[in-house]
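Engineer:
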Amino acid sequence: GRTLNELYGGGSESGCFFRFLGNALPSTVASTTLAMSIKLTKNWVRTRQWQQLLEKEKLETELTFLKNQFNPHFLFNTINSIFFLIHKNPNMASASLAKFSELLRYQLYECNDQQIPLGKEMAYLENFIELEKLRQNNNVKVTFGTEPVYTNHLGIAPFILMTFVENAFKHVSKHSDRPNWIGIKLGLDGQQLSFFVANSTSPGVANEVVNYRGIGLKNVQRRLDLLYPGQYDLAIQNDDNRFEVKLRIKLSNLALTPALQMA
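Here my numbering is used: the first residue of the sequence shown is -2, the next is one more, and so on.
(1) May I ask you to report which of helix, strand or coil DSSP gives ASP222?
(2) Measuring only the C-alpha atoms, how far is GLN228 from PRO114?
(3) Whole angstroms is fine: what's the gap from ARG220's alpha carbon to SER28's?
(4) Cα-Cα, which of PHE192, SER170, SER191 is closest to ASP236?
(5) Specify, as a first and last residue, the run of the alpha helix (DSSP H) that TYR121 falls within.
(6) Tell me which same chain residues have a C-beta within less than 6 Å of the C-beta of ILE181, skipping the five on either side of it?
(7) Taking Cβ positions, are ALA90 and ILE79 nearer each other than 8 Å?
(8) From PHE125 to ASP174, what does the alpha carbon distance come to, in whole angstroms?
(9) Quick check: GLY184 and GLU144, are their CB atoms within less than 8 Å of each other?
(10) Please state the DSSP three-state secondary structure of GLU241.
(11) Grab me the residues of TYR103's own chain with a C-beta within less than 6 Å of its C-beta, minus the 5 sequence neighbours each way, in chain order.
(12) Using DSSP with H/G/I as helix, E/B as strand and the rest coil, what is THR143?
(13) Starting from SER197, trace the alpha helix (DSSP H) in both directions and tell me its first and last residue.
(14) If we ignore side chains and look at the alpha-carbon of each, how far apart do ASN164 and ARG45 end up?
(15) Along the chain, where does the beta strand (DSSP E) that runs through LYS182 open and close?
(16) Identify whether ALA165 lies in helix, strand or coil by the three-state DSSP scheme.
(17) Please list the terminal residues of the continuous alpha helix (DSSP H) segment that includes LEU105.
(18) Going by the DSSP bridge assignment, what does ASP230 pair with across the sheet?
(19) Let me check one thing: in DSSP terms, what residues is LYS138 bridge-paired to?
(20) ILE179 and VAL137 - do their beta-carbons sit closer together than 8 Å?
(21) Using the Cα positions of ARG132 and HIS84, report the straight-line distance between them to the nearest angstrom.
(22) Taking only the alpha-carbon atoms, compute the straight-line gap between LEU94 and GLU107 and give it to the nearest angstrom.
(23) According to DSSP, is LEU151 part of a helix, a strand, or is it coil?
(24) Run the CB neighbour count on PRO255, radius 10 Å, all protein chains shown included, and call it buried at 16 or more, exposed below.
(25) Quickly, what does DSSP pair ILE235 with across the bridge? List them, please.
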């Protein structure tokens, strides 16, 4: 093609100008394009970071809301249990108060983190089960089986397991002519946690429970979705006289703080 100097002609001064313009224009355009690209990239990165921050804050807010919904739910049930025992058997009530103080300490001071040692969650379950066994007064046969393994190196979200155990005690059958029972098993294979809860039910109760009408089960499923996406499997089965939950979670190693190590 023809140069700017050939197109516009003129003397030596105009020729020099157009030669300068012809040489400088491509580099100027390239520099401007590069600067605009850098600016657009920076804006995109800032926008993306802001979106991620908002999403993180949203998830943390939702998790806090779910936990706060569950805590009063558990406390009210436990207080009702102790109130029941005070009138029925004062001696049992004193033992229940000791267990309740341990549960309350756990709930108020030890479960504020996203994860706690698995061993603490297991100890919490044992305390709750013992409290409920006192309240049931041998009307329900309860079995709780765990493997004798070291568990404090693994972390788990507080109250994840507890919800299913509480649900079993809440909806266990009240038969007078046949056994009422609850079975709980906890196993560990490497970092894979297997948790099993089953209980006898009365006709019609199992269908009500499996539909997640209670606050506790709705919340725990949502928390599992948020905390263990793609890392858990939850299966619920029910019939006219049995309700069963199977949960598998891939846990992660827990970096113990000095406070946790001393606890």
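Cβ coordinates follow ideal geometry from the N, Cα and C atoms, glycine included.
Structural biologist: The structure says:
(1) helix
(2) 18 Å
(3) 50 Å
(4) SER170
(5) 115 to 133
(6) PHE141, VAL194
(7) yes
(8) 27 Å
(9) yes
(10) strand
(11) TYR121
(12) strand
(13) First-last for SER197: 189 to 197, but that is the beta strand (DSSP E), not the alpha helix (DSSP H).
(14) 41 Å
(15) 178 to 186
(16) helix
(17) Run containing LEU105: none; DSSP gives neither H nor E here.
(18) ARG245
(19) TRP178
(20) yes
(21) 11 Å
(22) 19 Å
(23) strand
(24) With a pLDDT of only 47 at PRO255, under 50, the local geometry of the prediction cannot be trusted, and the value read off the model is given with reservation. With fewer than 16 other Cβ atoms within 10 Å, it is exposed.
(25) Correcting the residue type first, residue 235 is Asn in the shown sequence and not Ile. Paired residues: PHE240.
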